[in-house]
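As you go down the protein sequences, you meet chains U and H in turn.
Mind the numbering: the first sequence is residues 86 to 392 in this note's numbering, read in order.
Mind the numbering: the second sequence is residues 86 to 392 in this note's numbering, read in order.
A quick write-up on the structure given underneath.
2 protein chains.
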Amino acid sequence: MYSTAIKDNFYQYIQKLQDTITNSIEAIDGKAKFHQDLWDRPEGGGGRTRIIENGNVIEKGGVNISSVHGKLPESMQKYFGVTDANFYACGLSLVLHPINPMAPTVHANWRYFEMYDQKGNIVDRWFGGGQDLTPYYLFEEDATHFHNICKTACDKHDATFYNTYKAKCDDYFWNTHRDEARGIGGIFFDYCKITDKMSMQNWLDFVTEIGDSFLNSYTPILEKRKHMPYTDDQKKWQEIRRGRYVEFNLVHDKGTLFGLKTNGRIESILMSLPPKVQWVYNFEPKADSEEQKLINILKQPKQWATL
Amino acid sequence: MYSTAIKDNFYQYIQKLQDTITNSIEAIDGKAKFHQDLWDRPEGGGGRTRIIENGNVIEKGGVNISSVHGKLPESMQKYFGVTDANFYACGLSLVLHPINPMAPTVHANWRYFEMYDQKGNIVDRWFGGGQDLTPYYLFEEDATHFHNICKTACDKHDATFYNTYKAKCDDYFWNTHRDEARGIGGIFFDYCKITDKMSMQNWLDFVTEIGDSFLNSYTPILEKRKHMPYTDDQKKWQEIRRGRYVEFNLVHDKGTLFGLKTNGRIESILMSLPPKVQWVYNFEPKADSEEQKLINILKQPKQWATL
């Protein structure tokens, strides 16, 4: 048998990280508590979904972990070009939608995947994940702060990672049919496998470094924006922009679609959808407005890190 | 050259029908007027989008026609298994989202498609379309009325049409990942081509009969429900159910996805999305409530026509 050290360590890590993150968000919110749902996957494994709603600061959010295993679903066998494979996957996924339109939505996901042949030998394994920010009003200092934290964490492991994963993030979160980015990006990495430079232990160290950096990347922004004054029109703008978030997740996001089409736990998958959303026909911000300034940035992703 | 009578007649028909429907809906609303946008398709043709928002009765709706032609987009060539084909397509699409949660959302679409070889010969052509109702509270008399009108129109052309197209509708508007219907159905037909019994003229007569029946199928229901009293909780339920409508249209609806992936006019395609929508984690109605009664029906489509 192969060593289960990587998978065991990573699963322990995300369990602890879920606690750390939910405790921190509850402290910032000051009112709402996460509600926990434990669920089982009939085919093997399960998850711990934690949802927060109607807080002082967070309108809706989820910080979920899952650890699932069994026969690789047929659609995934096709996708990976394998037959008769088994798998193990675990990960932490989070999305936080603040009430205040001056505070950005954040998404993060860190995950590990193993694939086995019929004898139980590992035939492939990799890490993936990332985090990205979706502001409704652009504060350049926030974008820079978020990217600088991502870059600092990446740089400890490889000087090329940040630029590579920043570009992948801009690429992945592109809302094709709107011809604009979902947000101002962050980092996105996938299929992180053994190379000359990186052992699986090195990748584990990298991914946990990124996970550890998450709260520093987001909570100072949330603290700064959570009580800023805003108007009804600014709230409406946030709800319209949340519509773009829904469009991305339901039309383009591979993880969401995969979950929906393979009988995943729907309410855990769709916890990513914002609480209140508007679709207004052909809404266009005024020229030179703060709203238009955001659109301009989303049409043309830029470099934010200053380190 | 082939005769253009069918396509010309149908396009004239939908132009007039758009006027008839928008006039009737404006009269029922009593406040809001449709706003018209004419648009050109760079590759050939264009459309006339008419949107109504923030009325007395209609919260948001669109009644759109388009008439487009040119080289068949590559994704459609693949879909139909042809190469180097040209096409012509025209149709009317409508969605109306009333304010009052007691009034159902309605969707309808009637369309005609021709495909040509490089010499300009028609190689294939067909009609398609249908209409379906999405209530938030179930009034059985409304469901029966809607289906009876559909059945009466179908029965004038073929005694088997209603049952066939009712079943196709239930099948098409199935929200797989929720394991429930989008609404209480109606009729849905596609690839209506020449048969022993039906010439293209017969199909034209059928589709225009269905189109003519639309206002009778929906407006009596809208009139009956538009001023019914409702609570904040009932409005919230409507907004949550509208979330399922968004999920269906963005995840499963072939027409919407085709439009988004082939560079259609986004704002005309997404006019179908409801104005205000909520996603509440794991919302479950009380047992024996009116809300649960709706869910039960959506899980198990039934026969509504009584004629």
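Quick reminder that beta carbons are idealized off the backbone N, C-alpha and C, glycines included.
Anyone know if the C-beta pair for residue i and residue j falls short of 7 Å?
i	j	result
PHE273 (chain H)	ARG267 (chain H)	no
PRO186 (chain H)	GLN319 (chain H)	yes
LYS378 (chain U)	LEU223 (chain U)	yes
VAL191 (chain U)	TYR98 (chain U)	no
THR391 (chain U)	THR229 (chain U)	yes
ARG133 (chain U)	PHE119 (chain U)	no
TYR201 (chain U)	CYS175 (chain U)	no
ASP217 (chain H)	GLY296 (chain H)	no
GLN71 (chain H)	ILE306 (chain H)	Given that chain H is displayed from residue 86 to residue 392, the structure contains no residue 71 (chain H) and the question cannot be resolved.
GLU144 (chain U)	PRO360 (chain U)	yes
CYS254 (chain U)	GLY215 (chain U)	yes
CYS173 (chain H)	GLU199 (chain H)	Here residue 173 (chain H) turns out to be Tyr, not Cys, going by the sequence shown. Closer than 7 Å, so yes.
GLY140 (chain H)	ALA170 (chain H)	no
ASP275 (chain H)	GLY349 (chain H)	no
LEU181 (chain U)	ALA193 (chain U)	no
ILE234 (chain U)	SER284 (chain U)	no
GLU128 (chain U)	GLY155 (chain U)	yes
LEU383 (chain H)	GLU226 (chain H)	no
HIS232 (chain U)	TRP389 (chain U)	yes
Can you find a CB in chain U that lies within less than 7 Å of the CB of residue i?
i	result
VAL322 (chain H)	The amino acid at residue 322 (chain H) is misidentified as Val; the sequence shows Trp. Output row for TRP322 (chain H): interface = no.
TRP124 (chain H)	no
MET161 (chain H)	no
LEU157 (chain H)	no
LEU48 (chain H)	Given a span of 86 to 392 for chain H in the structure shown, any question on residue 48 (chain H) remains unanswerable.
If I'm right that residue i touches residue j with Cβ under 8 Å, what's the distance once you round it to whole angstroms?
i	j	result
ASP122 (chain U)	GLY131 (chain U)	With 8 Å as the limit, ASP122 (chain U) and GLY131 (chain U) do not qualify as a contact, their Cβ atoms being about 10 Å apart.
ILE113 (chain H)	VAL142 (chain H)	6 Å
SER160 (chain H)	LYS346 (chain H)	6 Å
TRP45 (chain U)	GLU376 (chain U)	There is no way to answer for residue 45 (chain U), as the model of chain U reaches only from 86 to 392.
ASN334 (chain U)	SER357 (chain U)	6 Å
TYR330 (chain H)	THR219 (chain H)	6 Å
SER395 (chain H)	LEU300 (chain H)	Chain H is shown from 86 up to 392; residue 395 (chain H) falls before or after that span and cannot be answered.
ARG263 (chain H)	ILE351 (chain U)	7 Å
ILE91 (chain U)	GLN385 (chain U)	That belief does not hold up - the Cβ atoms of ILE91 (chain U) and GLN385 (chain U) are roughly 39 Å apart, past 8 Å.
Interface residues of chain H around residue i at Cβ under 9 Å?
i	result
GLU375 (chain U)	None at all; the shortest Cβ gap to chain H is about 22 Å.
Beta-carbon of residue i versus every beta-carbon of chain H: anything under 7 Å?
i	result
TYR98 (chain U)	no
VAL336 (chain U)	yes
LEU181 (chain U)	no
MET356 (chain U)	yes
What does residue i touch in chain U if you count any residue whose Cβ is under 8 Å from its own?
i	result
ARG263 (chain H)	ILE351
MET283 (chain H)	None at all; the shortest Cβ gap to chain U is about 36 Å.
GLU144 (chain H)	The premise fails here: GLU144 (chain H) is roughly 11 Å from chain U at the closest Cβ pair, so nothing lies under 8 Å.
ILE136 (chain H)	TYR366, ASN367
Please compile the residues from chain U whose C-beta is within a distance smaller than 7 Å of the C-beta of residue i.
i	result
VAL362 (chain H)	VAL362
For residue i, return the contacting residues in chain H, with the cut-off set at a CB-CB distance below 7 Å.
i	result
GLU396 (chain U)	With chain U covering 86 to 392 only, the question about residue 396 (chain U) has no answer from this structure.
So with CB distances below 8 Å, who are the chain H contacts of residue i?
i	result
PRO127 (chain U)	Simply none; closest approach about 15 Å.
Name the chain C residues whose beta carbon is nearer than 7 Å to that of residue i?
i	result
PRO359 (chain U)	Here the protein chains are U and H, and chain C is not one of them.
Would you check whether the ligand SAH has a heavy atom nearer than 6 Å to the C-beta of residue i?
i	result
LYS384 (chain H)	As presented, the structure is devoid of all ligands, the ligand SAH included, so that no description of it is given.
Counting beta carbon pairs with one atom in the stretch 328-347 of chain H and one in the stretch 301-314 of chain H, are three or more of them shorter than 8 Å? In short, these stretches do not touch, since the Cβ pair count stays below three.
Does the stretch 229-240 of chain H touch the stretch 290-299 of chain H, meaning 3 or more C-beta pairs lie closer than 8 Å? Judged by Cβ distances under 8 Å, the stretch 290-299 of chain H makes contact with the stretch 229-240 of chain H, as three or more pairs qualify.
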